[in-house]
Amino acid sequence: MTPAVTFRAVSRHFGQVKAVDQVNLEIAEGEFFAMLGPSGSGKTTCLRLIAGFEQPTGGEISIFGENANGVPPWKRNVNTVFQDYALFPHMSILDNVAYGLMVKGVDKATRLKAAEEALAMVALPGYGTRKAGQLSGGQRQRVALARALVNKPKVLLLDEPLGALDLKLREQMQEELKTLQKALGITFVFVTHDQGEALSMADRVAVFNNGGIVQAGTPEDIYQRPTSKFVADFVGSSNVLAPDLTAKLTGERGWASVRPEL
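55 is the number of the first residue of the sequence shown in my numbering; add one for each residue after it.
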């Protein structure tokens, strides 16, 4: 099966700054894939490269086997949901959701019907006549999601979409996103600095640092079998033991991670 997204030695440099450097990556069709890392690690730049908001300075990006280098965002079958919902306050919710279809020239009856179906998909049936200011933060996030899904993208990019929500609502939305992704079978690429979000929702996680991927694998692999001091320290709560202490305890020199729950 052709991967949904492929990076082959992809770089994005801004002058002397290597925001992304020689990244190799494959994301499977229908996968919920999380890009996890601290600020400035390269995860958001990778998302922007998939979306077409940035172009690589080296390497090749493929989307479902087709070279995406130089292809503008509107010609990719990809949609993005941002932390800032960016809803039009003067439009009804239905018109907000249907906006992308209107730009594509879809007739009014067809696009409004599709928008109603998308709102039902995100558990907001009957909300079409309201304005954005009449909705809660969680409801606005669902509208932003519906607006992306109504275009039937092959890949949905989510750039820290839950960051503005309170803890309880964020946990609820995590469950809803995962359920929706499984039901639709769309490839989700989810960017976050929150390890809990990544580990609880994703099929696979790529941990980023200094413009590259330092480890990729299942949530269990990342949590139970970190391959570097950075991953052990960044993911979960760990007591990281220095090489000198590890040598005294085990007879083998190297960094070691001890999970408190173990």
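A virtual CB, placed ideally from N, CA and C, is assigned to each residue, including glycine.
*Give the single residue among R196, D161, M89 whose Cα lies nearest to the Cα of H247.*
It is M89 whose Cα lies nearest to the Cα of H247.
*Let me know the beta strand (DSSP E) ranges lying completely inside the segment 76 to 115, each 3 residues or longer, listed in chain order.*
For secondary structure counted as the beta strand (DSSP E) over 3 or more consecutive residues, the segment 76 to 115 holds these complete runs in sequence order: 86 to 90.
*Please report how far the alpha carbon of G106 lies from the alpha carbon of C100, in whole angstroms.*
Cα to Cα, G106 sits roughly 10 Å from C100.
_Close-in-space but distant-in-sequence residues of the same chain around L223 (CB under 6 Å, 5 per side omitted)_ = The beta carbon of L223 sits closer than 6 Å to the beta carbons of G192 from its chain, once the five residues preceding and following it are set aside; these are given in chain order.
*Around the C-beta of K162, are 16 or more other C-beta atoms found within 10 angstroms, so that it is buried, or is it exposed?*
An exposed status is given to K162, since fewer than 16 other beta-carbon atoms sit within 10 Å of its beta-carbon.
*Which first and last residues belong to the alpha helix (DSSP H) in which N133 is found?*
Premise fails: N133 lies in the beta strand (DSSP E), 132 to 136, not in any alpha helix (DSSP H).
*Sequence-distant residues of the same chain with beta carbon closer than 7 Å to A256, five excluded per side*: Cβ-Cβ distances below 7 Å link A256 to F86, F87, A88, F244, P273 in the same chain, with the five nearest sequence neighbours on each side left out; the list follows chain order.
*Could you check how far apart the C-beta atoms of A169 and A152 are, in whole angstroms? I think they sit under 8 Å.*
Separation of the CB atoms of A169 and A152 is rounded to 4 Å, and the pair is thereby assigned contact status at 8 Å.
_Helix, strand or coil, according to DSSP, for K206 in the structure here?_
When secondary structure is reduced to three states using DSSP, K206 falls in the coil class, being assigned neither helix nor strand.
*Beta-carbon proximity of P215 to A186, cut-off 9 Å*: Going by beta carbons, P215 and A186 fall outside the 9 Å limit.
_What would DSSP say about I267, mapped onto helix, strand or coil?_
In this structure, I267 counts as strand in the three-state DSSP scheme.
_Minimum length 3: unbroken beta strand (DSSP E) runs contained in the segment 163 to 219_ = Fully enclosed beta strand (DSSP E) runs of 3 or longer: 209 to 213.
*Identity of the residue in G159, K158, D149, L189 nearest A172 by Cα*: Residue D149 is the option with its Cα nearest to A172.
_Output needed for T84: all residues of its chain with C-beta closer than 8 Å, excluding positions within five of it in sequence on either side, in chain order._
The sequence shown places Gly at residue 84, not Thr. These residues qualify, in order along the chain: A58, G239, I240, T241.
*Option nearest V23 by Cα separation, candidates R196, D75, R165, V261*: There is simply no residue 23 to check, as the chain begins at 55 and stops at 316 in what is shown.
_Contacts around T111, its chain only, beta-carbon distance under 6 Å, and the 5 residues preceding and following it disregarded_ = For T111, where only same-chain residues beyond five positions count, the Cβ hits under 6 Å are S65, R66, H67.
_Bridge partners for T56 per DSSP, in chain order?_
For T56, no pairing in a beta bridge is given by DSSP.
*Taking F284 as part of the alpha helix (DSSP H), name the residues at either end of that continuous run.*
F284: member of the alpha helix (DSSP H) spanning 283 to 288, first to last residue.
*asked:* Give me, in chain order, the residues of the same chain whose beta-carbon lies closer than 6 Å to that of N131; leave out the 5 immediate sequence neighbours on both sides.
replied: Taken in chain order, the residues that qualify are P207, K208.
*Cα-Cα separation, E230 to R307*: Looking at the two C-alpha atoms, the distance is approximately 45 Å.
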